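Notes to accompany the following structure.
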Amino acid sequence: MELQCQKTLLVGLSGPSSSGKTTLARLLRTVFTPPSTEGNGDVTATTRPFVLHQDDFYKPDDQIPVVTTSSGKLVQDWDTIDALDISQFEATLGS
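Take 49 as the starting number for the sequence shown in this note's numbering and just add one per residue.
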């Protein structure tokens, strides 16, 4: 029995809210999803693209850092790396 090493391609998308990241991710998933079966039912490819949303790794509300705006108002800073559970994100990528 021979083991084959499969290559992994990781594509990261970044951008501000409502900039089209999810739309592009879905398009890429569609483009890179091979036909699932041949006429006889055999799987024709091993490529299995999936979308992993960074939003799924935000810390709980009470752990989101707070910043002061120029007007003096305190607001949660969802745009800082400290708002994310990076350990969980890395663990998910590694599994």
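Backbone N, C-alpha and C define an ideal beta-carbon position, used for all residues, glycine too.
All values reported here derive from a predicted model rather than from experimental measurement.
### Query
With a CB to CB cut of under 7 Å and the five nearest residues on each side skipped, what residues in its chain are close to Leu-122?
Hits under 7 Å: Val-114 and Thr-116.
### Query
Pick from Ile-112, Tyr-106, Gln-124 and Ser-119: whose alpha carbon is nearest that of Phe-137?
Nearest option by C-alpha distance: Tyr-106.
### Query
What did DSSP end up calling Leu-58 once you bin it into helix, strand or coil?
Three-state result, Leu-58: coil.
### Query
Are the Cβ atoms of Pro-82 and Thr-95 separated by less than 8 Å?
Yes, Cβ-Cβ distance for Pro-82 and Thr-95 is below 8 Å.
### Message
Please state the DSSP three-state secondary structure of Thr-78.
### Response
Here Thr-78 sits in helix by DSSP.
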